[in-house]
Amino acid sequence: MEWQPHITVATIVEDQGRFLLVEEYDQDELVLNQPAGHLEANETLLEAAIRETLEETGWDVELTGVVGIYLYTAPRNGVTYQRVCFSAKPIGHDPQRPLDTGILRAVWLDRDTLAADPSRWRSELVVRCIDDYLAGSRHALDLVKV
């Protein structure tokens, strides 16, 4: 079998010290994650981040930077993911918008509340990306070439 990483995007959305997260099902387990998902054909990484955030949370966002690019191999299934994590500011919310399949709801949590229960994280990248964001790891969006 040919090894091929999965390209994903995630978005860190902060508002007054709280972060936009999703409660989603991962193999019958309810976990917390950033709005995140796979890059689709014929879209840019920036478009994917905006789309995934809207589909999973009902929030329109404006991307403000690149937090980092991460390589992660999931211990559960051995799949390797390349995650491009963006920062964004919230623009507007449609509470009536249906959320993606598998998403229970969007929630706003502060970093310490999230960090207090690692058993709820989709992966270690959830808190790692927030910590990198809080440490000031933000690069210009033009880092990502189309």
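As numbered in the numbering used here, residues -11 to 134 make up the sequence shown, in order.
Beta carbons are placed, not taken as given, at the ideal position from N, Cα and C, and that holds for glycine.
- The shortest CA-to-CA distance from Y69 to any of T32, A103, A24 and L87 is the one to A24.
- Rounded to whole angstroms, the gap between the alpha carbons of E28 and S75 is 20 Å.
- DSSP places T52 in the strand class (E or B) of the three-state scheme.
- Across the structure, L34 and T(-4) are spaced so that their CA atoms are roughly 11 Å apart.
- For R71, the uninterrupted beta strand (DSSP E) segment begins and ends at T68 to H81.
- Taking a C-beta distance under 8 Å as the contact criterion, H127 and V72 do not qualify as a contact pair.
- The residues V10, E12 and E44, in chain order, have a CB closer than 6 Å to that of I91 in the same chain once the five nearest residues on each side in sequence are set aside.
- Boundaries for D100: no beta strand (DSSP E) harbours it, while the alpha helix (DSSP H) harbouring it runs R99 to A103, taken from the DSSP string.
- Each residue's CA atom was taken as its position, placing T89 and V132 some 29 Å apart.
- Here the alpha carbon of D16 sits roughly 22 Å from the alpha carbon of V115.
- DSSP, reduced to helix, strand and coil, places D88 outside both helices and strands of the structure shown, so it counts as coil.
- Within 10 angstroms of the beta-carbon of N21 lie 16 or more other beta-carbons, which makes it buried.
- About 19 Å separates the Cβ atoms of I118 and I38, ruling out a contact at the 8 Å cut-off.
- Sorting D14, N30 and I79 by C-alpha distance to the C-alpha of E50 places I79 at the top.
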